[in-house]
Amino acid sequence: MIGGNHERNNFSIGVQIHDKNSNNWFSPIVLGTGPKPSQGYSAFVLEQGRILVIKKGSPRNESIWFLEVDSPYVREQKKLLRKEVVAWSKGVRGNAEKPIVISGPSGVGKGTLISMLMKEFPSMFGFSVSHTTRSPRSMERDGVHYHFADKKVMEKEIKDGKFLEFASVHGNLYGTSIESVEAVTDSGKRCILDIDVQGARSVRASSLDAIFIFVCPPSMKELEDRLRARGTETEEQIQKRLRNAEAEIKEGISSGIFGLILYNDNLEECYKKLKKLLGLDEVTSVNGVEIEGINLPTEHTVSKMEDKIIIQETGKETRNKIVLDISSLNGGAPGRTRGILVDAIKF
Ligand SMILES: Nc1ncnc2c1ncn2[C@@H]1O[C@H](COP(=O)(O)OP(=O)(O)OP(=O)(O)O)[C@@H](O)[C@H]1O
Ligand SMILES: Nc1nc2c(ncn2[C@@H]2O[C@H](COP(=O)(O)O)[C@@H](O)[C@H]2O)c(=O)[nH]1
Numbered sequence: 014m015i016g017g018n019h020e021r022n023n024f025s026i027g028v029q030i031h032d033k034n035s036n037n038w039f040s041p042i043v044l045g046t047g048p049k050p051s052q053g054y055s056a057f058v059l060e061q062g063r064i065l066v067i068k069k070g071s072p073r074n075e076s077i078w079f080l081e082v083d084s085p086y087v088r089e090q091k092k093l094l095r096k097e098v099v100a101w102s103k104g105v106r107g108n109a110e111k112p113i114v115i116s117g118p119s120g121v122g123k124g125t126l127i128s129m130l131m132k133e134f135p136s137m138f139g140f141s142v143s144h145t146t147r148s149p150r151s152m153e154r155d156g157v158h159y160h161f162a163d164k165k166v167m168e169k170e171i172k173d174g175k176f177l178e179f180a181s182v183h184g185n186l187y188g189t190s191i192e193s194v195e196a197v198t199d200s201g202k203r204c205i206l207d208i209d210v211q212g213a214r215s216v217r218a219s220s221l222d223a224i225f226i227f228v229c230p231p232s233m234k235e236l237e238d239r240l241r242a243r244g245t246e247t248e249e250q251i252q253k254r255l256r257n258a259e260a261e262i263k264e265g266i267s268s269g270i271f272g273l274i275l276y277n278d279n280l281e282e283c284y285k286k287l288k289k290l291l292g293l294d295e296v297t298s299v300n301g302v303e304i305e306g307i308n309l310p311t312e313h314t315v316s317k318m319e320d321k322i323i324i325q326e327t328g329k330e331t332r333n334k335i336v337l338d339i340s341s342l343n344g345g346a347p348g349r350t351r352g353i354l355v356d357a358i359k360f
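In the working numbering, each residue carries its 1-based index in the sequence shown increased by 13.
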């Protein structure tokens, strides 16, 4: 059962599961950010354990949702959390672009390359803000560079299934929350994750369909010089990061986790190669790839014909029809919007 839940000031709609055998209702763990309560919903059970939910009277990009009840991702989470699990993802027009995972040893230049990409293509990419238990550096801001977290709180949230991946890196806990990835995908942008090799391995093993890029330094000497020049770590921390770098580089190159390997020798050259790998070398406009919202008429009826959902405007002389092609679904939970092909027909 999917329904409104205003009473406890919880402004996301609630989900309850009915067990036919015991005739009991129970509340599953709900992953991802769901839709806010609305004046009405239509729902259709789709293949592969998904429910399509269409909201009435919602603003642009807020009307189409998918509740995953028995998809491969949800089954994986049920095993991990040993509880009933469901997961939300939001429907967007077109293709949901794959998230990009960037890994590499500390100081190789991942953050520098990501900043260049986000500066040149601000409307295309968004950064997944990780959680960490390490202390902030002087220029770092909470919620922008990291969510600086208390270890106990973060460990509890990991237990509650709120993280896509987490790892102990250079003596601190780091992790990517589902909410952080969703904050990016919900804004229609392609998500970039800057995470270590262990985190990339976890993401690879999950059902999040991403692109994996490993960044290598030209030499260990150059890596050391960059870490020192950055001036953000103590000598002891630099030594620890350099020791870890050797194993990370070995694993990054030989484990098969990463489909793409970039050498960051000359920064400009490396950035050009990164853009080429992402198919951006010909892009001159910052608005080249936008994921559009799906704009539904406020008053409508909904029907299903084979693999098409037909949304018909009511109460007006011109009756616009919107057709969702559910055979075209791509992407999805966790932390991803679900792309869908949409046709609008005016009468
Ligand atoms: N190709 C390059 N040549 C010289 N210096 C570089 C190059 N790329 C990055 N740098 C410099 O190296 C330092 C480390 O870069 P950056 O902070 O981006 O590394 P990082 O991989 O994100 O590290 P961490 O994993 O610790 O966050 C920075 O001072 C940056 O300006
Ligand atoms: N597994 C994860 N690794 C992460 C995450 N966020 C950052 N990192 C990695 O940690 C190191 C050190 O980062 P620093 O900011 O302390 O220099 C670096 O390799 C990052 O890629 C995360 O969410 N999960």
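C-beta: ideal position from N, C-alpha, C; glycine also.
Consult DSSP for V194 and reduce its assignment to one of helix, strand or coil. Counted from its first residue, the sequence shown places residue 194 at position 181. In this structure, V194 counts as helix in the three-state DSSP scheme.
Judging by CA-CA distance, which residue of V98, S181 and A180 is the nearest neighbour of V87? In the sequence shown, counting from the first residue as 1, residue 87 sits at position 74. For V87, the nearest C-alpha among the options comes from V98.
Quick check: the stretch 34 to 46 against the stretch 191 to 209, are at least 3 beta-carbon pairs closer than 8 Å? yes
Does ligand 1 have even one heavy atom less than 7 Å from the beta-carbon of G188? Here residue 188 refers to the residue found at position 175 when the sequence shown is read from its first residue. Short note on G188: C-beta not closer than 7 Å to any heavy atom of ligand 1.
Measuring straight from C-alpha to C-alpha, what distance separates I262 and P118? Looking up residue 262 in the sequence shown gives position 249. Looking up residue 118 in the sequence shown gives position 105. Answer to the nearest angstrom: the Cα atoms are 7 Å apart.
DSSP state of L177, grouped into three classes? Residue mapping note: residue 177 aligns to position 164 of the sequence shown, counting from 1. Strand at L177.
From what residue to what residue does the beta strand (DSSP E) around L80 run? As a first step, residue 80 must be located in the sequence shown, where it is residue number 67. That run of the beta strand (DSSP E) goes I77 to E81.
For E237, which option in T145, V121 and R95 has the closest C-alpha, if you only look at C-alpha atoms? Stepping through the sequence shown from its first residue, residue 237 is reached at position 224. E237 has its Cα closest to that of V121, out of T145, V121 and R95.
According to the neighbour-count rule (16 or more other Cβ atoms, all chains shown, within 10 Å of its Cβ), is A56 buried or exposed? On the sequence shown, residue 56 is found 43 positions in, with the first residue counted as 1. Per the 10 Å Cβ criterion, exposed.
Is there at least one non-hydrogen atom of ligand 1 closer than 7 Å to the beta-carbon of S151? One-based indexing of the sequence shown puts residue 151 at position 138. False, no ligand heavy atom lies under 7 Å from that Cβ.
I need the DSSP call for L186, collapsed to helix, strand or coil. Residue 186 sits at position 173 when you count from the first residue of the sequence shown. Residue state, collapsed to three classes: strand.
Near D320, what residues of its chain come up, given a Cβ to Cβ distance below 8 Å and the 5 sequence neighbours on each side ignored? As a position in the sequence shown, residue 320 is number 307, starting the count at 1. Within the same chain, D320 has close Cβ partners D338, I339 and S340.
Grouping DSSP H, G and I as helix and E and B as strand, with all else coil, what is G265? Taking the first residue of the sequence shown as position 1, residue 265 is located at position 252. Helix at G265.
According to the neighbour-count rule (16 or more other Cβ atoms, all chains shown, within 10 Å of its Cβ), is I266 buried or exposed? Start at 1 with the first residue of the sequence shown, and residue 266 comes out as number 253. When all chains shown are included, I266 counts as exposed.
Using the beta-carbon count (16 or more within 10 Å), is N34 buried or exposed? Within the sequence shown, the letter at position 21 stands for residue 34. By the neighbour-count rule (16 or more Cβ atoms within 10 Å), N34 is not buried but exposed.
Do the stretch 134 to 152 and the stretch 199 to 214 meet, that is, are 3 or more Cβ pairs less than 8 Å apart? yes
In whole angstroms, what is the alpha-carbon distance linking I26 and V114? As a first step, residue 26 is located in the sequence shown; it is residue number 13 there, counting from the start. As a first step, residue 114 is located in the sequence shown; it is residue number 101 there, counting from the start. About 31 Å.
Would you say the stretch 127 to 139 touches the stretch 159 to 175, given that touching needs at least three Cβ pairs under 8 Å? As far as the Cβ criterion goes, the stretch 127 to 139 does not touch the stretch 159 to 175, which means the pair count is below three.
Check N333 in the structure and name its three-state DSSP category. As a position in the sequence shown, residue 333 is number 320, starting the count at 1. In this structure, N333 counts as coil in the three-state DSSP scheme.
Can you give the Cα-Cα distance for S84 and P112, rounded to whole angstroms? For this step, residue 84 is matched to residue 71 along the sequence shown. For this step, residue 112 is matched to residue 99 along the sequence shown. Going by the C-alpha atoms only, they are around 19 Å apart.
Cβ-based burial, E110 [other Cβ within 10 Å; buried from 16]: Within the sequence shown, the letter at position 97 stands for residue 110. Buried is the call here.
Taking the C-alpha atoms as reference points, what is the distance between Q325 and E81? In the sequence shown, counting from the first residue as 1, residue 325 sits at position 312. In the sequence shown, counting from the first residue as 1, residue 81 sits at position 68. For Q325 and E81, the distance between alpha carbons rounds to 25 Å.
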